[in-house]
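Here's the structure, in structure tokens; my notes come after.
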Amino acid sequence: MSVQPDRKWEAFAAREPFFAVFTDPKFRSANRTANHEREFFDSGELLVDAIFHTIRKRLASDFAPESVLEYGCGPGRLAIPFARRSGSVTAVDRSPAMLAVARREAAKQNAGNIHFTTAADFDVTSRKFDLVNSYLLFQRLPPYRGLALFRELLGRIGSGGIGVFHFLYRGTASPVVRMTRGIRERTSIVNGITNIARHKPFGEPFIPSHAYDLDEVFRILVESGFENSHVTFEDHEETTSAIVFVQAPASFAPSDHDLEPVSMEPVSDAMIDVRELIARTSIDELNRTAEEYFSSLTEWDHHLAKPFAKPDEAPPILIGVATLLQGLRLVPGMTVLEFGAGTGWLSRFLTQLGCRVILLDVSATALNIARNLYERQPPIGDRPAPQFLQFDGRRIDLEDASVERILCFDAFHHAPNPDDVLREFARVLKPGGIAAFAEPGPRHSHTPLSQFEMRTYGVIENDIDIHALWRTAQSCSFSDLKLALFQGPPFHVSLDDYEDFLAGGATAAKWVTATRTFLRDVRSFFLFKEGSERIDSRSPSGLAAEVTATLIHPVVEGRPILVDATVTNRGIATWLPSDAQFGGVALGAHLHDAAGKLITFDLHWERLTEPPREIAPGETVRVRMSLPPQPPGRYTLEIDCVSAGVAWFAQLGSRPAQLALEVARADV
Numbered sequence: 001m002s003v004q005p006d007r008k009w010e011a012f013a014a015r016e017p018f019f020a021v022f023t024d025p026k027f028r029s030a031n032r033t034a035n036h037e038r039e040f041f042d043s044g045e046l047l048v049d050a051i052f053h054t055i056r057k058r059l060a061s062d063f064a065p066e067s068v069l070e071y072g073c074g075p076g077r078l079a080i081p082f083a084r085r086s087g088s089v090t091a092v093d094r095s096p097a098m099l100a101v102a103r104r105e106a107a108k109q110n111a112g113n114i115h116f117t118t119a120a121d122f123d124v125t126s127r128k129f130d131l132v133n134s135y136l137l138f139q140r141l142p143p144y145r146g147l148a149l150f151r152e153l154l155g156r157i158g159s160g161g162i163g164v165f166h167f168l169y170r171g172t173a174s175p176v177v178r179m180t181r182g183i184r185e186r187t188s189i190v191n192g193i194t195n196i197a198r199h200k201p202f203g204e205p206f207i208p209s210h211a212y213d214l215d216e217v218f219r220i221l222v223e224s225g226f227e228n229s230h231v232t233f234e235d236h237e238e239t240t241s242a243i244v245f246v247q248a249p250a251s252f253a254p255s256d257h258d259l260e261p262v263s264m265e266p267v268s269d270a271m272i273d274v275r276e277l278i279a280r281t282s283i284d285e286l287n288r289t290a291e292e293y294f295s296s297l298t299e300w301d302h303h304l305a306k307p308f309a310k311p312d313e314a315p316p317i318l319i320g321v322a323t324l325l326q327g328l329r330l331v332p333g334m335t336v337l338e339f340g341a342g343t344g345w346l347s348r349f350l351t352q353l354g355c356r357v358i359l360l361d362v363s364a365t366a367l368n369i370a371r372n373l374y375e376r377q378p379p380i381g382d383r384p385a386p387q388f389l390q391f392d393g394r395r396i397d398l399e400d401a402s403v404e405r406i407l408c409f410d411a412f413h414h415a416p417n418p419d420d421v422l423r424e425f426a427r428v429l430k431p432g433g434i435a436a437f438a439e440p441g442p443r444h445s446h447t448p449l450s451q452f453e454m455r456t457y458g459v460i461e462n463d464i465d466i467h468a469l470w471r472t473a474q475s476c477s478f479s480d481l482k483l484a485l486f487q488g489p490p491f492h493v494s495l496d497d498y499e500d501f502l503a504g505g506a507t508a509a510k511w512v513t514a515t516r517t518f519l520r521d522v523r524s525f526f527l528f529k530e531g532s533e534r535i536d537s538r539s540p541s542g543l544a545a546e547v548t549a550t551l552i553h554p555v556v557e558g559r560p561i562l563v564d565a566t567v568t569n570r571g572i573a574t575w576l577p578s579d580a581q582f583g584g585v586a587l588g589a590h591l592h593d594a595a596g597k598l599i600t601f602d603l604h605w606e607r608l609t610e611p612p613r614e615i616a617p618g619e620t621v622r623v624r625m626s627l628p629p630q631p632p633g634r635y636t637l638e639i640d641c642v643s644a645g646v647a648w649f650a651q652l653g654s655r656p657a658q659l660a661l662e663v664a665r666a667d668v
């Protein structure tokens with residue numbers, strides 16, 4: 001694990017084992033009395049009592065652990081009370097000096113069922129425990145190390161077991177104070193000088209207090225399969241901390257009963273009801289909240305780098321995006337509205353796909369960040385320029401039937417007025433258009449992360465009731481609803497299990513169980529606007545042509561090669577005009593030598609009509625092509641239709657016209 005010995009810390013812990021835990025001057029060795037030591041250990045008894053009370057009230061009413069892991073045990077303040085309430089305790093710390101104090105105190109209090117061990121020795125074991133506790137440890141570690149340790153400790157929780165983890169998540173210190181503390185932590189000479197100024201030993205290590213992003217904590221819980229959780233909050237003078245209680249899933253055989261949705265416990269005693277939050281908060285206030293959030297950002301790179309900002313968050317984001325892209329049936333040139341576009345990372349990829357993207361968001365600052373993204377990382381090639389549109393939370397400032405697709409990626413559940421927003425979607429969508437959603441499920445507002453977001457930022461974390469949403473959608477001209485079935489977390493199996501899965505064996509049943517569990521709290525779905533969507537040449541489906549061609553003789557070097565062609569649209573797609581950037585259909589020519597070897601692939605493109613216009617299914621046009629002159633010799637010309645940026649028709653099954661070509665010398 002991440003907490004390894006440190007020479008300076010070890011010397012400090014040997015001198016100040018109690019002050020290293022509680023940085024109160026009364027616990028320094030020079031000031032500490034027997035009463036202070038009793039107060040120190042009594043506080044551990046009270047905390048462990050509170051921990052068990054919360055576990056039994058919120059997670060497991062009959063909880064009685066046989067085995068406990070106390071990670072970062074220090075002088076044994078919590079390990080000893082845990083020992084009185086369990087069969088055995090494994091107490092781990094990086095400091096041998098701390099462990100020596102803990103052993104003495106355990107012997108004094110007749111707690112003989114504690115196994116004390118260093119972190120280095122504990123790392124080589126793989127034992128799991130009924131209860132894993134870590135208190136006042138993570139704040140001493142920078143988050144990148146602490147979160148890695150958190151993942152490992154989650155893996156130490158046995159089936160149905162409990163984990164209790166303490167995180168500092170908010171501080172009130174000024175930016176200057178935070179910067180000074182960071183310098184002291186990283187630079188020993190600065191810390192030493194500061195210590196001397198404060199009448200402390202030069203070598204006394206700085207004791208950091210790192211705040212954690214609870215979004216990250218809860219995301220790790222979700223990824224690790226922990227659904228049952230509870231959070232309590234503690235306010236101190238300069239900080240607010242959270243104690244996160246989680247219960248590991250119990251091992252079970254798949255059954256329909258096990259797969260029924262379970263009710264989520266409230267994440268704190270002051271449960272926030274999202275409906276009440278919506279009722280007491282105006283749309284304008286929520287718009288200001290969103291603007292304040294984005295305007296408070298001092299560093300944008302994480303937002304701009306999505307979906308590749310972090311290795312662990314990239315896979316679920318990409319899976320979610322891929323699921324929507326499959327159902328959206330995008331083609332180049334489509335007008336796509338991204339609702340809640342935020343910093344524009346997803347819109348930029350839609351632009352890269354050739355779509356005409358409208359970024360819609362309530363925050364002007366978010367849209368400015370998105371503009372910055374397009375400037376810093378412009379899409380490759382000639383792509384339609386994006387449009388940035390601020391949303392007032394009520395009406396989308398677009399004409400009726402003006403967009404072909406709408407995309408909501410983890411944004412619709414923030415809307416306080418989802419019915420009104422759906423009606424706006426129906427208004428601006430063209431007939432046959434599609435609105436795609438990647439959203440959470442019906443228990444979303446009850447999750448720890450949602451409660452934290454609503455409590456901390458005042459944002460809406462609404463539940464997605466797909467049945468209610470579909471009723472509203474049907475009332476405003478949506479004619480169909482489709483939900484995506486897919487698997488998010490990795491499901492990796494052995495070769496034998498893979499063959500068993502293909503044969504429909506027990507592995508297939510396990511995969512279905514895992515998928516159903518994942519989909520409980522995920523709703524990726526598509527709403528289809530009533531009416532039919534015209535199929536055109538921006539999509540390869542429906543493209544077919546019949547081409548006949550004849551050469552105009554004589555063909556002489558130095559002169560254009562003239563070809564008369566007759567072209568009939570034999571597909572079901574309307575061909576866009578030849579000058580359209582995406583999907584414009586033209587007549588093209590490939591040049592081969594007499595043996596059939598390709599000489600020039602794109603020899604020439606010719607417009608089908610002058611001026612360019614659409615060609616309907618079944619329509620026939622006649623075209624005279626003027627091809628560039630060629631040297632004397634024998635060739636084969638291949639005449640085929642091409643949809644710009646989409647495909648040559650021969651790639652889709654149509655037969656091109658082939659002409660034997662002989663170019664004569666000019667003096668013959």
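Start counting the sequence shown at 1; every next residue gets the next number (the numbering used here).
Note that CB positions come from ideal geometry on N, CA and C, so glycine has one too.
Computed from a predicted structure; not experimentally measured.
Buried or exposed by the 16-neighbour rule on C-beta atoms within 10 Å, applied to residue i
i: threonine 548; result: exposed
i: glutamine 139; result: buried
i: glutamate 619; result: exposed
i: aspartate 536; result: buried
i: phenylalanine 601; result: exposed
i: phenylalanine 306; result: Looking at the sequence itself, residue 306 is lysine, so the reference to phenylalanine does not match. Counting Cβ neighbours within 10 Å, lysine 306 comes out buried, since at least 16 surround it.
i: tyrosine 135; result: buried
i: isoleucine 599; result: exposed
i: asparagine 110; result: exposed
i: methionine 271; result: exposed
i: isoleucine 572; result: exposed
i: serine 578; result: buried
i: leucine 328; result: buried
i: lysine 529; result: buried
i: aspartate 49; result: exposed
i: phenylalanine 526; result: buried
Anticipated Cβ contact below 8 Å, residue i with residue j, distance rounded
i: valine 246; j: leucine 221; result: 6 Å
i: asparagine 462; j: valine 274; result: 6 Å
i: threonine 289; j: tyrosine 169; result: The pair is not a contact, with the Cβ atoms about 19 Å apart (cut-off 8 Å).
i: glutamate 70; j: alanine 79; result: 4 Å
i: leucine 286; j: isoleucine 460; result: 6 Å
i: glycine 583; j: glycine 333; result: 6 Å
Among the options, nearest to residue i - alpha-carbon criterion
i: tyrosine 212; options: Pro142, Ser159, Phe116, Val623; result: Pro142
i: proline 489; options: Asp480, Thr513, Gly505, Phe518; result: Phe518
i: alanine 514; options: Ser224, Phe122, Asp130, Gly112; result: Ser224
i: phenylalanine 412; options: Val428, Gln390, Ala438, Ile162; result: Ala438
i: tyrosine 293; options: Ala503, Thr365, Pro332, Thr574; result: Thr365
i: lysine 310; options: Glu216, Ala341, Leu367; result: Glu216
i: arginine 570; options: Ala544, Val563, Gly588; result: Ala544
i: methionine 454; options: Cys73, Ile380, Leu277; result: Leu277
i: alanine 589; options: Ile460, Ser241, His604; result: His604
i: leucine 137; options: Phe165, Arg655, His492, Arg151; result: Phe165
i: phenylalanine 226; options: Ile380, Met98, Ala248; result: Ala248
i: tryptophan 345; options: Arg15, Gln377, Pro560; result: Gln377
i: serine 229; options: Cys355, Asp284, Ile162; result: Ile162
i: aspartate 301; options: Pro656, Leu324, Pro418, Ile369; result: Ile369
Close-in-space but distant-in-sequence residues of the same chain around residue i (CB under 7 Å, 5 per side omitted)
i: phenylalanine 425; result: Ile406, Ala435
i: leucine 367; result: Leu359, Asp361, Phe388, Gln390
i: cysteine 476; result: Leu422, Arg423, Ala426
Own chain partners of residue i with C-beta closer than 6 Å, once the 5 adjacent residues on each side are dropped
i: arginine 523; result: Glu439, Gly441, Ile464, Ile466
i: lysine 128; result: Arg156, Gly158
i: glutamate 313; result: none
i: alanine 647; result: Pro540
i: arginine 624; result: Asp564
Own chain partners of residue i with C-beta closer than 8 Å, once the 5 adjacent residues on each side are dropped
i: histidine 115; result: Ser88, Val89, Thr90, Ala91
i: histidine 444; result: His413, Ser450, Glu461, Asn462, Asp463, Ile464, Asp521
i: proline 628; result: Pro560, Ile561, Leu603, His604
i: tyrosine 374; result: Gly344, Arg348, Thr351, Pro386
Cβ contact check for the segment 471 to 482 and the segment 449 to 461: 3 or more pairs under 8 Å: The answer is no - the segment 449 to 461 does not touch the segment 471 to 482, with fewer than three Cβ pairs under 8 Å.
- prompt: Touching or not, the segment 381 to 400 and the segment 346 to 355, by the rule of three or more beta carbon pairs under 8 Å?
  reply: Here the segment 381 to 400 lies against the segment 346 to 355, with 3 or more beta-carbon pairs under 8 Å apart.
field: Sufficient close CB pairs (3 or more, under 8 Å) joining the segment 650 to 664 to the segment 616 to 633
entry: Yes: at least three Cβ pairs fall under 8 Å.
message: Any contact between the segment 475 to 487 and the segment 391 to 405? By contact I mean 3 or more CB pairs, one from each, below 8 Å.
response: Cβ pair count under 8 Å is below three, so no.
field: the segment 497 to 510 contacting the segment 552 to 568, beta-carbon criterion three pairs below 8 Å
entry: No, the segment 497 to 510 is not in contact with the segment 552 to 568.
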